[in-house]
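> Protein chains in written order, with this note's numbering: chain G, 1 to 401; chain V, 402 to 774.
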């Protein structure tokens, strides 16, 4: 057993720190996964992603031939932590391409697809931005229930249907799309396939869905006789479900380290805020309730850190962390929720102020997080679904539904 | 970074698990709860034979030179099985002797401990029940080359069977006024009374009436006692958390097994999300606690203890243990509420483990200080 990271990771951490201090505006100190909403945020994200690509960090885990630098799992973890800590935007370009389309193409795409799509993602250019078409009006947690159809027609497939809650569809050049190719399969998850779809294709309509605070993260996407080349099928036809389960594990794993980085920074900021802020005639930090809340959150943050370490270690041992990824995501979500609520408590009356107004504290990060976390804990699988995964695959309990 | 135990550690763990399962089944635990001594001298001898009592001592003191992390792994198994007796109390005294004792003290006391011939306990807290230097009122006055100790200590584990006491007494004012003494438990003027506790774990009140202690029995420096207390608290807190963590694991495992086995509405109750998600939360928190314990223990083992990491664990452990036990009882239904069921044995130990070496609030406050608050 050993709880120390290596020298290589230390060097990378320092390099990212240096980069962040130079390139990232000081009001960014937490990774808010809403950069696709406001134009100015998106612009900063895209200009940063290009710089990250030039540094060789954007897709550091990928092999050199596809634009990566074959970084170790530990380096990836440190990168995630630091990006979360500094709030470096653009690290995921709307998340899909960098976090799971690329890794999935490497796992079960063909060589032609890899050559065509991976270097574009790796470049950090707008043409490397992806969205993911999974959820539908009748297929949320019950994802295998999707009804969007792809029907073979010569060398092409014709796609019809509707996706919903599609994050970043309004910024994306490509869609990583799950469809039904065999509606008559004996089990509903046996008839699913994955396609790469050009978002500029005729027949695609993207309608914004604003969240309760007017933030534009997700969309509904309609497919009306959209024709895609048969060469855009990824992996085997009707095997999409199995591909996606692996893909989702990558997705969930990628979130943990960045979440931890954000949480650690938030705690530091809240500690400083509590020291600098007077309440009832004395510094907020002298209030035992405040001290205890922050101490408890720090204990959970440390647990999240170690969960990430453990999952990363499993990856180095050749284990796919199906359980660990779900654990880290569900645990991280709960922690983010807790910290947002603590942060809002510490802000007192200022917690109700619009995050972009001149009255806001800590650059509005706390309010934005508070408004965002309910969405984060739903995206990529609700906490309840994650707990089902853990119950079944780790505790060996019978399926609950 | 490596989450794997060494082969030796795996072996220690599996030997410990086998030994405890065989030698200390729950019937034995119940028997020892009712027993006046609260431990089994024969088992204690066999534990000495296995090298457990001197695990971290160098070989020249009769030990096996294992690391603190190894000791933590052993405590985890002890917690998992429940082992009534003075293992923890003896370890909490042996560690400071090893660190602060001069050659003479070490040669005198450590080999005795290793071979099972001495039982030690730490007499620290008093009627206020807290872990602050200011709460130590027991006094030690010097005269004629010896100290005379007066005062009362509370919640001293296993003092009823101890051969030696390590006690914190006032020799001056403030933090620098505390000195640690080694006291023969059979000295004239030492009186021990077992406090009935819900864990039936033989914590005692120890009264010192004009107890004479030779000058040579000072551990460390006169006035330097509180540093030793801090040294003990950090390490003993982690040992206690390891014990808690083992207990948590046992509770989660028995509950998971029950949830698969127990059928209601024609299905195992573990298939219901209300049960399943509760179990998942228990499991994840316990796993997180385990990593917190290992990290802090590893840092101590390699000589770079982290105040923050130690404090986090002790602030968290009892909360996790309490919740795990409550959830376990809930999932077991009325069965979990009975004297016959094992889960109650664990639940009755939650508070004892919280108050050993400082409660949740004390360690939370230490976390807050480490965070810069």
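Ideal Cβ placement from N, Cα and C applies to all residues, glycine included. Every value quoted in this text rests on a predicted model; they were computed, and no experiment measured them.
For the beta strand (DSSP E) that residue 594 of chain V lies in, which residues bound it at each end?
Within the second chain, residue 594 of chain V is the residue found at index 193, counting from 1. Taken as a continuous stretch (DSSP letters only), the beta strand (DSSP E) holding residue 594 of chain V covers 591-596.
> Taking 6 angstroms as the limit between beta carbons, can you name the residues of its chain near residue 707 of chain V, skipping five residues before and five after?
Numbered from 1 along the second chain, position 306 holds the residue referred to as residue 707 of chain V. Excluding residues within five positions, the ones whose Cβ falls inside 6 angstroms are 700.
> Mind checking which residues open and close the beta strand (DSSP E) that includes residue 483 of chain V?
Taking the first residue of the second chain as position 1, residue 483 of chain V is located at position 82. Taken as a continuous stretch (DSSP letters only), residue 483 of chain V belongs to no beta strand (DSSP E), as it is neither H nor E.
> List the DSSP bridge partners of residue 581 of chain V.
One-based indexing of the second chain puts residue 581 of chain V at position 180. Note: residue 581 of chain V sits in a beta bridge opposite V:569 and V:620.
> Just to confirm, is the Cβ distance from residue 568 of chain V to residue 582 of chain V under 8 angstroms?
Taking the second chain and counting its residues from 1, the one referred to as residue 568 of chain V is at position 167. Taking the second chain and counting its residues from 1, the one referred to as residue 582 of chain V is at position 181. Contact flag set, yes.
> Chain G partners of residue 733 of chain V, CB-CB under 7 angstroms?
Taking the first residue of the second chain as position 1, residue 733 of chain V is located at position 332. Correct list: empty, because the minimum Cβ distance to chain G is about 15 angstroms.
> Tell me which same chain residues have a C-beta within less than 8 angstroms of the C-beta of residue 156 of chain G, skipping the five on either side of it?
Taking the first chain and counting its residues from 1, the one referred to as residue 156 of chain G is at position 156. Here the set comprises 227, 228, 229 and 230.
> Considering only DSSP beta bridges, list what residue 732 of chain V is partnered with.
Looking up residue 732 of chain V in the second chain gives position 331. Answer is none; residue 732 of chain V lacks a bridge partner.
> Tell whether a beta-carbon distance below 8 angstroms holds between residue 274 of chain G and residue 346 of chain G.
Translated into positions along the first chain, residue 274 of chain G becomes position 274. Translated into positions along the first chain, residue 346 of chain G becomes position 346. Cβ distance < 8 angstroms, so residue 274 of chain G and residue 346 of chain G count as in contact.
> In angstroms, rounded to a whole number, what distance separates the CA positions of residue 573 of chain V and residue 533 of chain V?
By 1-based counting over the second chain, the position of residue 573 of chain V is 172. By 1-based counting over the second chain, the position of residue 533 of chain V is 132. Those two C-alpha atoms are separated by around 15 angstroms.
> Any idea if residue 59 of chain G is buried or exposed, counting beta-carbon neighbours within 10 angstroms, 16 or more meaning buried?
The residue labelled residue 59 of chain G in the question sits at position 59 within the first chain. By the neighbour-count rule (16 or more Cβ atoms within 10 Å), residue 59 of chain G is buried.
> With residue 527 of chain V and residue 493 of chain V assumed to form a contact (beta carbons below 8 angstroms), what rounded beta-carbon distance in angstroms separates them?
Taking the second chain and counting its residues from 1, one reaches residue 527 of chain V at position 126. Taking the second chain and counting its residues from 1, one reaches residue 493 of chain V at position 92. About 17 angstroms separates the two Cβ atoms, so there is no contact after all.
> For residue 324 of chain G, which of helix, strand or coil comes out of DSSP?
Taking the first chain and counting its residues from 1, one reaches residue 324 of chain G at position 324. Looking at residue 324 of chain G - three-state DSSP - the assignment turns out to be helix.
> Quick one: is residue 181 of chain G buried, meaning 16 or more other Cβ sit within 10 Å of its Cβ, or exposed?
On the first chain, position 181 is the one that residue 181 of chain G refers to. Buried.
> Evaluate contact between the stretch 237-246 of chain G and the stretch 66-83 of chain G, counting only Cβ atoms and requiring at least three cross-stretch pairs below 8 angstroms.
They do not touch, by the three-pair rule.
> Between residue 390 of chain V and residue 196 of chain G, what straight-line distance do the alpha-carbon atoms span, to the nearest angstrom?
Any question about residue 390 of chain V goes unanswered here, given that chain V covers just 402 to 774.
> Give me the Cβ distance between residue 364 of chain G and residue 356 of chain G, rounded to the nearest whole Å; I'm assuming they're in contact under 8 angstroms.
Residue 364 of chain G sits at position 364 when you count from the first residue of the first chain. Residue 356 of chain G sits at position 356 when you count from the first residue of the first chain. The pair is a contact, with the Cβ atoms about 6 angstroms apart (cut-off 8 angstroms).
> Would the stretch 456-469 of chain V and the stretch 389-396 of chain G be scored as touching if the rule is three or more Cβ pairs under 8 angstroms?
No: the two stretches stay apart, fewer than three of their Cβ pairs being nearer than 8 angstroms.
> Measuring only between beta-carbons, confirm whether residue 391 of chain G sits less than 8 angstroms from chain V.
Sequence index remark: in the first chain, residue 391 of chain G carries index 391 (1-based). Residue 391 of chain G counts as touching chain V.
> When the distance is taken between beta carbons, is residue 130 of chain G closer than 8 angstroms to residue 94 of chain G?
As a first step, residue 94 of chain G is located in the first chain; it is residue number 94 there, counting from the start. As a first step, residue 130 of chain G is located in the first chain; it is residue number 130 there, counting from the start. Yes, they are a contact pair.
> What residues in the stretch 302-326 of chain G have a beta carbon less than 7 angstroms from any beta carbon of chain V?
If the cut-off is 7 angstroms between Cβ atoms, the stretch 302-326 of chain G has 302, 303, 306, 307, 309, 310 and 313 near chain V.
> Would you tell me roughly how many angstroms separate the C-alpha atoms of residue 525 of chain V and residue 537 of chain V, rounded to the nearest one?
Taking the first residue of the second chain as 1, we reach residue 525 of chain V at position 124. Taking the first residue of the second chain as 1, we reach residue 537 of chain V at position 136. About 8 angstroms.
> Along chain V, which residues have their Cβ under 7 angstroms away from the Cβ of residue 74 of chain G?
Along the first chain, read from residue 1 onward, the residue named residue 74 of chain G stands at position 74. 402, listed in chain order.
> Could you list which residues in chain G have their beta carbon closer than 7 angstroms to that of residue 672 of chain V, in chain order?
Position 271 of the second chain, counted from the start, is the residue given in the question as residue 672 of chain V. Within chain G, the residues near residue 672 of chain V are 397, 398, 399 and 400.
> On the criterion of 16 or more Cβ atoms from any shown chain inside 10 Å, does residue 212 of chain G qualify as buried, or is it exposed?
As a working mapping, residue 212 of chain G is identified with position 212 in the first chain. That one is exposed.
> Taking Cβ-Cβ distances shorter than 8 angstroms, what residues in chain G pair up with residue 677 of chain V?
Taking the second chain and counting its residues from 1, the one referred to as residue 677 of chain V is at position 276. Those are 387, 388, 391, 395, 397 and 400, listed as they occur along chain G.
> Our contact map puts residue 81 of chain G next to residue 217 of chain G with C-beta atoms below 8 angstroms; I'd like the distance itself, whole angstroms only.
In the first chain, residue 81 of chain G corresponds to position 81, counting from 1. In the first chain, residue 217 of chain G corresponds to position 217, counting from 1. Rounded, the Cβ-Cβ distance is 24 angstroms, inconsistent with contact.
> Tell me, to the nearest whole angstrom, how far the beta carbon of residue 183 of chain G is from that of residue 149 of chain G; I am working on the premise that it is less than 8 angstroms.
Position 183 of the first chain, counted from the start, is the residue given in the question as residue 183 of chain G. Position 149 of the first chain, counted from the start, is the residue given in the question as residue 149 of chain G. Going by Cβ atoms, the distance from residue 183 of chain G to residue 149 of chain G rounds to 7 angstroms, so yes, they are a contact pair.
> Does residue 329 of chain G come within less than 8 angstroms of chain V when only Cβ atoms are used?
Within the first chain, the letter at position 329 stands for residue 329 of chain G. Chain V contact via Cβ: absent.
> Taking C-beta pairs closer than 9 angstroms, name the residues in chain V that residue 285 of chain G reaches, listed in chain order.
Counted from its first residue, the first chain places residue 285 of chain G at position 285. Those within 9 angstroms of residue 285 of chain G in chain V are 769, 773 and 774.
> Let me confirm a value: residue 374 of chain G is counted as buried when at least 16 other C-beta atoms fall within 10 Å, else exposed. Which label applies?
Along the first chain, read from residue 1 onward, the residue named residue 374 of chain G stands at position 374. Flag for residue 374 of chain G reads exposed.
> For residue 384 of chain G, go through chain V and note every residue whose CB falls closer than 9 angstroms to its CB, in chain order.
Taking the first residue of the first chain as position 1, residue 384 of chain G is located at position 384. In chain order: 674 and 678.
> Looking at the structure shown, is residue 242 of chain G part of a helix, part of a strand, or coil, going by DSSP?
On the first chain, residue 242 of chain G is found 242 positions in, with the first residue counted as 1. Helix.
> According to DSSP, is residue 197 of chain G part of a helix, a strand, or is it coil?
Counting from 1 along the first chain, the entry for residue 197 of chain G is found at position 197. Of the three classes helix, strand and coil, the one that applies to residue 197 of chain G here is strand, per DSSP.
> To which residues of the same chain is residue 546 of chain V closer than 6 angstroms at the C-beta, ignoring the five residues directly before and after it?
Here residue 546 of chain V refers to the residue found at position 145 when the second chain is read from its first residue. So the list reads 616, once near-sequence residues are dropped.
> If you reduce the DSSP assignment to three classes, tell me which class residue 39 of chain G lands in.
For the purposes of this step, residue 39 of chain G is identified with residue 39 of the first chain, where counting begins at 1. Helix at residue 39 of chain G.
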